[in-house]
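Participant: If you read the sequence shown in our numbering, its first letter stands for residue 4, the second for the next number, and so on. Glycine included, C-beta positions come from ideal geometry on N, C-alpha and C.
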Amino acid sequence: MMKKILPKKFHFKQAGLFAVLLLASCTTTNTYSPKISSSPYSRTIELTSNNPQLQSALEQRILKNRHYILQPQNGFSEFHITVETSLVRIKSLETKPLLLGRIQKTRTPVTFNAHYKIGNQTSLTLAEGHIQKTTETLSRVYPSLSLNSNIAPEAMDDIANQILKEASSHITVTPWSTRVTGMKDEQHVTIAVGESAGLELGDTFITESQPTAKLQVVMFEQQANGNNRAILGLMEGFLPQAGRKLIAEK
4 MMKKILPKKF HFKQAGLFAV LLLASCTTTN TYSPKISSSP YSRTIELTSN NPQLQSALEQ
64 RILKNRHYIL QPQNGFSEFH ITVETSLVRI KSLETKPLLL GRIQKTRTPV TFNAHYKIGN
124 QTSLTLAEGH IQKTTETLSR VYPSLSLNSN IAPEAMDDIA NQILKEASSH ITVTPWSTRV
184 TGMKDEQHVT IAVGESAGLE LGDTFITESQ PTAKLQVVMF EQQANGNNRA ILGLMEGFLP
244 QAGRKLIAEK
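1) What distance in whole Å lies between the Cβ atoms of VAL196 and THR47, which are believed to be in contact at a cut-off of 8 Å?
2) Who are SER89's beta bridge partners in DSSP?
3) Just grab the DSSP bridge partners of VAL221 for me.
4) How about LEU242 and MET159: do their beta carbons lie closer than 7 Å?
5) Could you check the C-alpha separation between ILE121 and LEU204 for me, to the nearest Å?
6) Tell me where the alpha helix (DSSP H) around ALA158 begins and ends.
7) Is it the case that the segment 209-222 contacts the segment 159-170, given that we only count it when at least three CB pairs across the two stretches are under 8 Å?
8) Relative to the alpha-carbon of LEU249, which residue among SER212, ASN230 and GLY240 has its alpha-carbon at the smallest distance?
9) Could you tell me whether the Cβ atoms of LYS217 and GLU239 are closer together than 7 Å?
10) How would you label LEU66, buried or exposed, when you count the other beta carbons within 10 angstroms and need 16 or more for buried?
11) Leaving aside the five residues before and after VAL113 along the sequence, list all residues of the same chain whose C-beta is less than 7 Å from its C-beta, in chain order.
12) Which one of ASN123, TYR119, VAL176 and PRO214 has the shortest CA to CA distance from GLN165?
13) When the Cα atoms are used, what is the spatial distance from GLY185 to SER52?
14) Using the Cβ count rule (16 or more neighbours within 10 Å means buried), how would you classify VAL176?
15) Mind checking HIS133: buried by the 16 CB within 10 Å criterion, or exposed?
16) Just reading off the beta strand (DSSP E) that GLN135 is part of, what are its end residues?
17) Is the CB-CB distance between THR88 and ALA117 below 7 Å?
18) So, is LEU235 buried or exposed, given that buried needs 16 or more other C-beta atoms within 10 angstroms?
19) Would you mind stating whether LEU61 and LEU50 have Cβ atoms separated by less than 7 Å?
20) What's the gap between the Cα of THR128 and the Cα of SER171?
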């Protein structure tokens with residue numbers, strides 16, 4: 004006759020202790036650390052400069068960045084970059100003598116000053132700075148009636164890179180938002196961005212402040228400039244007026 008061998012009590016105690024230690028180990032090693040997720044939507048930027056050469060250099064860089072959209076100056080963009088420039092001739096560094104009556108090509112040493120401001124939708128200045136660079140104007144025929152305002156492309160590229168680097172540091176930490184541009188009818192509003200910014204049908208947005216409203220992208224409308232903008236339908240609350248700030252629903 005075979006005898007059943009029953010496990011001893013300490014076997015059960017050891018097994019229970021092992022389970023507790025295993026659970027404790029899992030709890031301590033799998034800690035949750037929240038991460039800030041980036042927005043799926045592109046950021047809109049308005050750009051103004053009194054220097055066409057610098058304006059062009061900045062525009063090219065914004066257009067090449069798939070996360071940015073260059074917007075017309077309508078006041079509905081998330082960010083505004085304004086750059087005022089001036090050119091000061093450095094006579095002490097000019098080549099001498101330049102002979103009158105003789106056609107010569109010359110480049111003028113100059114100090115190029117660029118004062119920039121980076122602001123948000125509410126006209127709050129996020130950053131402000133001044134860049135000063137000693138460079139030369141592009142070649143011109145001497146004598147000429149006026150100073151050539153175009154400077155060496157390398158110097159202009161460096162200034163444009165510095166300004167956008169500063170702007171990017173503020174753009175990346177600012178939550179995405181957009182604004183209502185107008186009312187379509189009693190149940191629909193338009194916003195300044197559309198499919199090019201990454202919006203899709205069914206995306207939902209809420210007003211940042213009271214009175215609250217929840218809206219959903221129901222269609223896209225083609226504009227004269229070739230871009231399209233989203234039309235949002237009211238789901239909950241009161242239809243927001245033009246200028247109201249909307250944020251993506253979490």
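Facilitator: Reading it off the structure:
1) 6 Å
2) ASN116
3) DSSP, once it has assigned bridges, lists no residue as partnering VAL221.
4) no
5) 32 Å
6) 156-174
7) no
8) SER212
9) yes
10) exposed
11) LEU90, VAL91, ARG92, ILE93, THR138, GLU139, THR140 and ILE154
12) TYR119
13) 28 Å
14) exposed
15) exposed
16) 128-139
17) yes
18) buried
19) yes
20) 14 Å
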